[in-house]
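Undergrad:
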Ligand code: MOS
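In my numbering, the protein residues as written are 11 to 709.
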């Protein structure tokens, strides 16, 4: 093997599949065709609660090209008593057409399958479904906290209490007690959810857009009582996921139809369907109580959050958990509660818990800084914990202070006049704000195979998912570095369950988990290949499995961290808020590819600006659905809203990771909305505790 000139990790590398993506050579799930392909179109309930009384299939079965209509009366039965790969029971939402009950508006009631997509759509939109309607309840509000049902939460724990909260609050010189709310929010990847399923030689083959093919294999095998080895899911290119692309109704419906028709069947969700079938972030109502000494040192931190789920599945938005790793306090109480309403099941949406939770916590910290007359950066440094504030565990590495110091320097924070509402520029009021950011840094078991090919190249096979993050490119760099060869000699195959078990793209843990397995395989290969040895035509292949190594990880508090800085201009006459510049400095472990890492951070921060100022799905109380469930009605930041957003990082490395990686996928959005809200306060002197900070709220 030849030695590369310098470490490739840490040098900018364009996406290895970038050319394929921009030339259209990269094929996405909805574009892959099979001979004899039929097309399914989901019909969704138009009522928010009740029962399906009658589905008039006769009239659509005679429409051109229509092959079948699947519904609760004729669809194959599925099993739901299994444990998903996430270690929890499956969301019954995906077990489509099993009963006549309608638990929310937009619930799938039928799949119309036809020869063409247009015929299926025409028939599905003509399908008459009659319901026995029941009264529904979709009204989420902080006042409903008393109705929160006991929740035997899985991970993370619902309630964590350390120390005597009331005693510490009573002994505090300064107490902040405030309520914050965030609205229902949607993650809508550019590529809609799409799947094609077929039976081939007794095997179920699914080409799909998802965040992890093993995840989908596990769910489909569980639902259809199949041996996981007889299910293959492929997902090479994915146009965004953000937590929404696990297993959803359309994949299950497609498999049902392929089974019944003995033909390949494709089902693609429309943008509007995604607003009830692809998950979302629950609204939250959060109460924070901080008790502090006059100098801002915390004695008490209480964070209680209420979120909302459907009536079919308990999914909690664990916002209070965002406080657990952050600041030292003798009393530390955090609780996540849940109410069940007649709405679709929420799901993971980029930085679940941390994104809304950090808005509340980091806004409250800013209020405390104001009350104590302490600089907001200094306040956070004063409250740095020596060990995990709740866990008591030592930190793997924690360089939040480094982020604040570097961020403050680059942003020019020292020049800031702390007084609110005094900087003006024409009609604009100007202000700056800051907030801290953190997200867990996890590693999960994965396997990889690495082949030294006879032509001197190397092939990495790992069932990774590149959902747009640049993971495949990062793995190319990691492999090339570990092999000490240039990247041109390394090809990385991903996105196929036949490649073996591996972590999915989630929890900001994909690239780290996969890199570990790739590094282990490279070490194995280097140990078994003698320099100058002749490689046989079939190559030399080694495999790795990190289950043991990951399981033996030292118990430490592991997070990525960041410091967010924002400058806003507020027009007091129109209520308009403009984010003029934003800077995020992160301590997120070793950065593999600065190019795509910056994309991840800036993308997260952009989303945070959007969360602060724009995003809000509004539920129609009368009909139970959303107003404008599409990308026209759901307001989010556009290019013109995003001007100068920059991200950087400080030296950081996970001491227990073979590459030093932590994870960067989600930390960028955390704290971003609070930094903007704190800047709006600084500009105007008015606190905004309810997102989004719409013009009518600013006025
Ligand atoms: Mo992420 S919300 O774990 O895809």
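Glycine is no exception: its CB is placed at the ideal position from the N, C-alpha and C atoms.
No experiment lies behind these values; they were computed from the predicted model shown.
1. Using CA coordinates, which residue listed in 636, 365, 507 is at the minimum distance from residue 224?
2. For residue 710, which option in 606, 644, 611 has the closest C-alpha, if you only look at C-alpha atoms?
3. Closest to residue 78 by CA distance: which of 194, 130, 337 is it?
4. Taking contact to mean 3 or more Cβ pairs, one atom from each stretch, closer than 8 Å, check whether the segment 265-272 and the segment 109-120 are in contact.
5. Can you give me the start and stop residues for the alpha helix (DSSP H) that residue 484 sits inside?
6. Confirm, please, whether the CB-CB distance from residue 666 to residue 564 is below 8 Å.
7. Leaving aside the five residues before and after residue 258 along the sequence, list all residues of the same chain whose C-beta is less than 7 Å from its C-beta, in chain order.
8. For the putative contact between residue 375 and residue 386, defined by C-beta atoms under 8 Å, what is the C-beta separation to the nearest angstrom?
9. Tell me the rounded alpha-carbon separation between residue 336 and residue 398.
10. In its own chain, which residues sit with a C-beta less than 6 Å from the C-beta of residue 166, not counting the 5 before and 5 after it?
11. Could you name the residues of the same chain whose beta carbon sits closer than 6 Å to that of residue 395, not counting the 5 residues immediately before and after it, in chain order?
12. Where does residue 186 sit, in a helix, a strand or coil, going by DSSP?
13. Assuming contact is defined by CB atoms lying nearer than 8 Å, are residue 484 and residue 603 in contact in what I supplied?
14. Got a sec: is the Cβ-Cβ distance from residue 132 to anything in chain B below 8 Å?
15. Please report the straight-line C-alpha distance between residue 401 and residue 568, rounded to a whole angstrom.
16. Output needed for residue 213: all residues of its chain with C-beta closer than 8 Å, excluding positions within five of it in sequence on either side, in chain order.
17. Measuring CB atoms only, is the segment 69-84 touching the segment 295-310, in the sense that at least three cross pairs come out at less than 8 Å?
18. What whole-angstrom Cβ distance do residue 256 and residue 220 have, given they're in contact under 8 Å?
19. Just to confirm, is the Cβ distance from residue 185 to residue 299 under 8 Å?
20. Taking only runs of the beta strand (DSSP E) that begin and end inside the segment 130-210, which ones reach a length of at least 3 residues, in chain order?
21. Starting from residue 609 and walking both ways along the alpha helix (DSSP H), at which residues does that stretch end?
22. Classify residue 631: buried if its beta carbon has 16 or more other beta carbons within 10 angstroms, exposed otherwise.
23. Taking the straight line between their C-alpha atoms, what separation do you get for residue 368 and residue 379?
24. Leaving out five residues before and five after residue 363 in sequence, what residues of the same chain have Cβ atoms less than 7 Å from its Cβ?
25. Taking residue 448 as part of the beta strand (DSSP E), name the residues at either end of that continuous run.
26. Less than 7 Å separating the Cβ of residue 252 from some heavy atom of the ligand MOS?
27. Quick one: complete beta strand (DSSP E) runs, 3+ long, within the segment 204-288?
28. With H, G and I counted as helix, E and B as strand and the rest as coil, what does DSSP make of residue 649?
29. Can you have a look at residue 624 and say buried or exposed, based on whether 16 or more other CB atoms are within 10 angstroms of its CB?
30. For the ligand MOS, is there any heavy atom lying closer than 7 Å to the beta carbon of residue 358?
31. Inspect the beta-carbon positions of residue 59 and residue 144 and report whether they are closer than 8 Å.
TA: The structure says:
1. Closest by alpha carbon: 507.
2. For the chain, the structure presents residues 11 to 709; residue 710 sits outside this window and is missing.
3. The candidate whose alpha carbon is nearest that of residue 78 is 130.
4. Taking a cut-off of 8 Å for Cβ pairs, the segment 265-272 and the segment 109-120 do not touch, as fewer than three such pairs fall below it.
5. Its alpha helix (DSSP H) spans residues 481-493.
6. Yes, Cβ-Cβ distance for residue 564 and residue 666 is below 8 Å.
7. Same-chain partners within the cutoff: 104, 203, 287, 288.
8. Indeed, because the Cβ distance is near 7 Å, the residues count as touching under 8 Å.
9. Each residue's alpha carbon lies about 8 Å from the other.
10. Within the same chain, residue 166 has close Cβ partners 328, 331.
11. Cβ neighbours of residue 395 beyond the five flanking positions: 338.
12. Annotated three-state conformation of residue 186 is strand, per DSSP.
13. Their beta carbons are under 8 Å apart, which means residue 484 touches residue 603 by this criterion.
14. Among the chains of the structure shown, chain B does not appear; only one protein chain is present.
15. Taking the straight line from one Cα to the other gives about 11 Å.
16. Closer than 8 Å at the Cβ level, and outside the excluded window around residue 213, lie 240, 241, 242.
17. With a cut-off of 8 Å on Cβ pairs, the segment 69-84 is not in contact with the segment 295-310, counting fewer than three such pairs.
18. So it is a contact: roughly 7 Å between Cβ atoms.
19. Residue 185 is a Cβ neighbour of residue 299, given a cutoff of 8 Å.
20. Those beta strand (DSSP E) runs which fall completely within the segment 130-210 and span 3+ residues are 138-143, 169-172, 184-192, 204-210.
21. That run of the alpha helix (DSSP H) goes 604-623.
22. Here residue 631 is exposed, its C-beta having fewer than 16 other C-beta atoms within 10 Å.
23. Approximately 16 Å, taken between the alpha carbons.
24. Result list for residue 363: 327, 328, 329, 331, 332, in chain order.
25. Going by DSSP, residue 448 is part of the beta strand (DSSP E) stretching over 438-450.
26. With a cut-off of 7 Å, the C-beta of residue 252 is classified as near the ligand MOS, since at least one heavy atom of the ligand falls inside that distance.
27. When DSSP assignments are scanned along the segment 204-288, the uninterrupted stretches of beta strand (DSSP E) that are 3 or more residues long and fall wholly within it turn out to be 204-210, 213-218, 241-244, 275-278.
28. If DSSP states are grouped into helix, strand and coil, residue 649 belongs with the helices.
29. Label assigned to residue 624: buried.
30. Under cutoff, so the answer is yes.
31. The answer is yes: Cβ separation under 8 Å.
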